[in-house]
Amino acid sequence: MERITDDQVAQLVRFVSARIPDAAPLQDEARRTAVALRLAADKQIAAVRFHRTVAPERAAGTELHATASWNLLVAFAGIWHDHPEFPVDAAIETFEFDCDSPL
Numbered sequence: 157m158e159r160i161t162d163d164q165v166a167q168l169v170r171f172v173s174a175r176i177p178d179a180a181p182l183q184d185e186a187r188r189t190a191v192a193l194r195l196a197a198d199k200q201i202a203a204v205r206f207h208r209t210v211a212p213e214r215a216a217g218t219e220l221h222a223t224a225s226w227n228l229l230v231a232f233a234g235i236w237h238d239h240p241e242f243p244v245d246a247a248i249e250t251f252e253f254d255c256d257s258p259l
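In the numbering used here, the protein residues as written are 157 to 259.
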């Protein structure tokens with residue numbers, strides 16, 4: 157997470173948040189989908205922001221969660237990878253998973 161700048165975090169958060177539709181005017185399954193996506197994105201954003209503001213002595217305990225949350229936000233953004241405002245400089249994963257042994 158150290159190589160991800162505050163500006164990159166802000167770019168990715170703005171991009172992902174702007175793409176998730178407002179659930180209020182939607183109905184049924186579309187509404188539930190928008191609510192679920194907003195909830196998932198907001199939880200990932202909170203984990204990344206928390207890690208970036210936590211005291212240095214506690215950062216080791218939050219880094220794995222923040223890294224996984226960041227990668228999920230990058231995956232969310234990837235849904236709109238062909239969007240003209242896609243934040244290429246911000247949408248970088250912090251690590252790659254080994255397919256044979258992901259943990």
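Idealized CB from N, CA, C, for every residue including glycine.
{"Check": "Beta carbon of A115 nearer than 8 Å to that of A247", "Outcome": "In the structure as shown, the chain starts at 157 and stops at 259, and residue 115 therefore has no counterpart that could be examined."}
{"Check": "Where T161 sits in the DSSP three-state scheme", "Outcome": "coil"}
{"Check": "Straight-line Cα distance separating D184 from V204", "Outcome": "31 Å"}
{"Check": "Coarse secondary structure for F242, derived from DSSP in three states", "Outcome": "coil"}
{"Check": "Segment contact flag, the stretch 201-218 with the stretch 177-193, C-beta cutoff 8 Å, min 3 pairs", "Outcome": "no"}
{"Check": "Same chain, Cβ closer than 6 Å to R187, five either side skipped, listed in chain order", "Outcome": "A179"}
{"Check": "Buried versus exposed call for A197 [16 or more other C-beta atoms within 10 Å across all chains shown]", "Outcome": "buried"}
{"Check": "Distance, M157 Cα to Q164 Cα", "Outcome": "11 Å"}
{"Check": "Residues near F171 in its chain [Cβ-Cβ closer than 6 Å; skip 5 each side]", "Outcome": "A233, P243"}
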